[in-house]
Amino acid sequence: MLQTNQIRPSNSPWSSPVIIHKKRDGSIRFLVDYRKLNSLTKKDSFPQPTTEELLHRLGGHCFYAKLDLKSGYFQLPMHETDKDKTAFITQDALWEFNVLPQGIMNGPPTFQRTMHNLLGYGRWDYVMVYLDDILIFSRSFNEHTKHLNEILSILAKANFQ
Numbered sequence: 001m002l003q004t005n006q007i008r009p010s011n012s013p014w015s016s017p018v019i020i021h022k023k024r025d026g027s028i029r030f031l032v033d034y035r036k037l038n039s040l041t042k043k044d045s046f047p048q049p050t051t052e053e054l055l056h057r058l059g060g061h062c063f064y065a066k067l068d069l070k071s072g073y074f075q076l077p078m079h080e081t082d083k084d085k086t087a088f089i090t091q092d093a094l095w096e097f098n099v100l101p102q103g104i105m106n107g108p109p110t111f112q113r114t115m116h117n118l119l120g121y122g123r124w125d126y127v128m129v130y131l132d133d134i135l136i137f138s139r140s141f142n143e144h145t146k147h148l149n150e151i152l153s154i155l156a157k158a159n160f161q
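According to the UniProt record's numbering, the sequence shown is numbered sequentially starting from 1.
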């Protein structure tokens, strides 16, 4: 994470513990326990679609695609004034995130708002953002190809991978 500039050394008065979680496939997931920070954070209430809304909007379509951005949160820069709050401690150092970390309370609404603003209002009849996934749905193959190309082009222009 240091080599990819996702984190940097920190002198923050904040500090959250690290949790190393072993996934079913044997790989390791690095997590920071932000429960204390989250309890002090003012909640961002940007709307997330409900399950009912997902099912309603996806129903009746024949073609579906789910885009899972490569570490979607890590592609969103943190505001400089908030980086110190993301500090986490390891056995030998204190670090803070340069990008939006997973586990902070306002991560999902921040990502949702970013994608909402990026993809625009004219596309909601065939694209939906849910947590860190982008769902594209269409009634025909030709329409689906057009929708996919459009969304991928928008994401590429905004430097999302």
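Glycine included, each C-beta is placed from N, C-alpha and C at the ideal position.
- Val18 is the residue among Gln6, Asn5 and Val18 whose C-alpha sits nearest the C-alpha of Asp92.
- If you check the CB distance, Met105 and Asn5 do not come in under 8 Å.
- One thing to note: Phe74 has its Cβ no nearer than 8 Å to the Cβ of Lys83.
- In the DSSP assignment, Lys23 falls outside any alpha helix (DSSP H) and carries neither an H nor an E.
- If only complete runs of 3 or more residues are kept, the UniProt domain "Reverse transcriptase" (2 to 161) shows the beta strand (DSSP E) at 7 to 9, 16 to 22, 28 to 32, 63 to 68, 94 to 97, 127 to 130 and 133 to 138, in order along the chain.
- By the neighbour-count criterion, in which 16 or more other beta carbons inside 10 Å mark a residue as buried, Leu2 falls on the exposed side.
- C-alpha of Val129 to C-alpha of Ile89: approximately 32 Å in a straight line.
- Within 10 angstroms of the beta-carbon of Ser140 lie fewer than 16 other beta-carbons, which makes it exposed.
- Residue environment: Gln161 is assigned as exposed (fewer than 16 neighbouring CB atoms within 10 Å of its CB, all protein chains considered).
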